[in-house]
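Down below is the structure, laid out as structure tokens.
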Amino acid sequence: MTFTHKPKVAIVGYRGMVGSVLVNRMLEEDDFALIDATFFSTSTHGTPAPKVGKYDLGLIGDANSVAELSAYDVIITCQGGDYTNAMHPQLRAAGWQGYWVDAASALRMKENVSLILDPINKDQLKAAIAAGQKDFAGANCTVSLMLIGLGGLFTKGLVESAIVSSYQAASGAGAANMRELVEQFGAVYNHVAPELADKSKTMLDVAASVQDLLANNLPSPYFGAPLAASLIPWIDAAHDHGFTKEEWKGHAETNKLLGLTDHSIKVDSTCVRVGVLRSHSQSITLKLKENLSIAQIEELIATHNKWAYLVPNEKEATLQRLTPTAVSGTLNIAVGRVRKLSLGDTYVSIFTVGDQLLWGAAEPLRRMLRLLCNAPLDY
Ligand SMILES: NC(=O)C1=CN([C@@H]2O[C@H](COP(=O)(O)OP(=O)(O)OC[C@H]3O[C@@H](n4cnc5c(N)ncnc54)[C@H](OP(=O)(O)O)[C@@H]3O)[C@@H](O)[C@H]2O)C=CC1
Ligand SMILES: N[C@@H](CC(=O)OP(=O)(O)O)C(=O)O
1 MTFTHKPKVA IVGYRGMVGS VLVNRMLEED DFALIDATFF STSTHGTPAP
51 KVGKYDLGLI GDANSVAELS AYDVIITCQG GDYTNAMHPQ LRAAGWQGYW
101 VDAASALRMK ENVSLILDPI NKDQLKAAIA AGQKDFAGAN CTVSLMLIGL
151 GGLFTKGLVE SAIVSSYQAA SGAGAANMRE LVEQFGAVYN HVAPELADKS
201 KTMLDVAASV QDLLANNLPS PYFGAPLAAS LIPWIDAAHD HGFTKEEWKG
251 HAETNKLLGL TDHSIKVDST CVRVGVLRSH SQSITLKLKE NLSIAQIEEL
301 IATHNKWAYL VPNEKEATLQ RLTPTAVSGT LNIAVGRVRK LSLGDTYVSI
351 FTVGDQLLWG AAEPLRRMLR LLCNAPLDY
């Protein structure tokens with residue numbers, strides 16, 4: 001048992017997108033019964049917290065106050081990397097000994113930080129807790145979704161390398177970006193509505209009009225380029241060797257999560273922002289170490305955990321179940337289009353879709369809290 005009392009838990013960033021999804025999930029699973037929770041904010045502190053089910057959480061705390069936060073056993077933050085970089089060092093310097101559970105990437109690669117994805121690495125996490133480790137971070141959304149979806153292959157040492165092409169939703173970039181995409185959808189439609197109504201116009205006329213709007217007059221301050229009716233093959237900052245940071249995380253975090261200090265699984269990614277509101281998709285080419293049959297591969301995937309579910313490689317099933325529309329708002333990780341490639345018997349192509357706000361961000365955090373409380377978890 002990590003705590004001998006009901007732990008005091010500060011939830012920082014409760015009103016952001018990840019924070020809201022986290023609070024909803026904690027309510028669904030009655031996690032609040034385990035803890036004495038307080039919401040923290042950098043801007044709404046001092047006001048009454050919104051009611052969470054039957055729980056009255058009192059006043060919202062000041063997320064910039066080291067003194068206030070120091071009174072907590074656990075700080076869960078969904079506030080972002082800048083906040084982590086500002087507050088975590090101050091709290092530790094002030095002697096705070098509590099658990100820091102973070103959605104952001106800021107601390108992920110530090111030596112004394114474990115990445116959280118317990119269906120994949122619960123033994124690693126339990127060992128870290130037993131060893132007195134205090135800092136934990138959720139992994140990158142695409143990495144978490146890939147590993148839950150394909151855990152049956154990755155955790156059994158069957159993967160030699162992976163080439164990933166991601167199709168990442170606007171919500172991965174934050175609420176303001178998501179709003180920008182919806183506004184762009186509206187602007188595109190409004191721009192061409194008269195032409196659509198004019199039966200003398202062809203679809204090429206309509207497309208030319210959309211192109212004119214996109215190229216010259218579609219506001220995109222958050223993404224920096226139109227996303228509606230387009231895509232952006234760049235996510236996060238530049239990294240070394242022509243990779244973006246998002247692409248680099250694929251290799252670094254996959255290996256760290258699997259406890260592979262020699263980084264023996266090569267993961268190469270191309271990460272693309274697409275005009276989807278919620279849920280990330282990935283097309284993954286695996287080089288396996290063994291020549292497994294499709295039936296064996298599907299069995300390994302389907303039996304590893306209760307969230308990865310197989311979609312038969314058929315058109316109707318794919319349209320109904322292997323899309324962001326099908327999985328958004330659920331914990332399901334859809335895995336389909338499983339097929340061997342003409343490159344060779346050990347090359348497998350797989351398509352997977354999962355909600356990046358759930359398994360990609362909020363869900364691992366609440367499960368880490370349950371691990372810290374030694375509370376039951378489903379697998
Ligand atoms: N979005 C995603 O898919 C993923 C996000 N993450 C991580 O989680 C962090 C938070 O992401 P996300 O939740 O998307 O960020 P948001 O922009 O939705 O929220 C972050 C903070 O913005 C502040 N805020 C300002 N205006 C508003 C408003 N109108 N409504 C709600 N909050 C507002 C809140 O802080 P305050 O109350 O202090 O003002 C809130 O906690 C990211 O930085 C990233 O590190 C990780 C994996 C996936
Ligand atoms: N970068 C992801 C979301 C995210 O916040 O990832 P990370 O936690 O690794 O910064 C996206 O834009 O879709």
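Each step along the sequence shown adds one to the number in the UniProt record's numbering, with nothing skipped, and position 253 is 253.
All C-beta atoms, glycine included, are put in the ideal place defined by N, C-alpha and C.
Less than 7 angstroms between the C-beta atoms of residue i and residue j, yes or no?
i, j, result
"F136", "M368", "yes"
"R278", "R25", "no"
"I265", "V159", "yes"
"L310", "V335", "yes"
"I284", "A162", "yes"
"L341", "S349", "yes"
"A237", "K245", "yes"
"F39", "Y72", "no"
"G53", "L27", "yes"
"L107", "D118", "no"
"C78", "S166", "no"
"G81", "A104", "yes"
"I232", "R179", "no"
"L22", "A375", "no"
"V74", "V9", "yes"
"E290", "V338", "no"
"A63", "T84", "no"
"S269", "V164", "yes"
"Q184", "L218", "yes"
"Y99", "K51", "no"
Starting from residue i, follow its DSSP beta bridges and name the residues at the other end.
i, result
"G138", "I116"
"R273", "Q168 and I232"
"Y347", "K287"
"H280", "G354"
"L59", "P48"
"A334", "Y309 and V353"
"K340", "V348"
"V12", "F40 and T77"
"residue 465", "As shown, the chain starts at 1 and ends at 379. That puts residue 465 outside it, with no answer to give."
"I301", "Partner(s): none; I301 has no beta bridge."
"K110", "Paired residue(s): none; K110 is not in a bridge."
"T244", "A238"
"V159", "L288"
"D268", "I163"
Quick test of your reading: residue i and residue j, contact by CB under 8 angstroms. State the CB separation rounded to the nearest angstrom.
i, j, result
"A308", "G157", "About 18 angstroms; that fails the 8 angstroms criterion."
"L115", "K256", "6 angstroms"
"I76", "V113", "Incorrect: roughly 15 angstroms between the Cβ atoms, too far for contact."
"G354", "H280", "7 angstroms"
"T142", "G250", "7 angstroms"
"G275", "L181", "6 angstroms"
"G359", "I148", "A small correction: the amino acid at residue 359 is Trp; Gly does not occupy that position in the sequence shown. That belief holds up - the Cβ atoms of W359 and I148 are roughly 5 angstroms apart, short of 8 angstroms."
"residue 380", "Y222", "Residue 380 is absent from the structure shown; the chain starts at 1 and stops at 379."
"T352", "Q282", "5 angstroms"
"A197", "L213", "The pair is not a contact, with the Cβ atoms about 17 angstroms apart (cut-off 8 angstroms)."
"A170", "L227", "6 angstroms"
"I301", "L153", "7 angstroms"
"G138", "P324", "The pair is not a contact, with the Cβ atoms about 20 angstroms apart (cut-off 8 angstroms)."
What are the start and end residues of each continuous beta strand (DSSP E) run of 3 or more residues lying completely inside the stretch 185-237, in chain order? none
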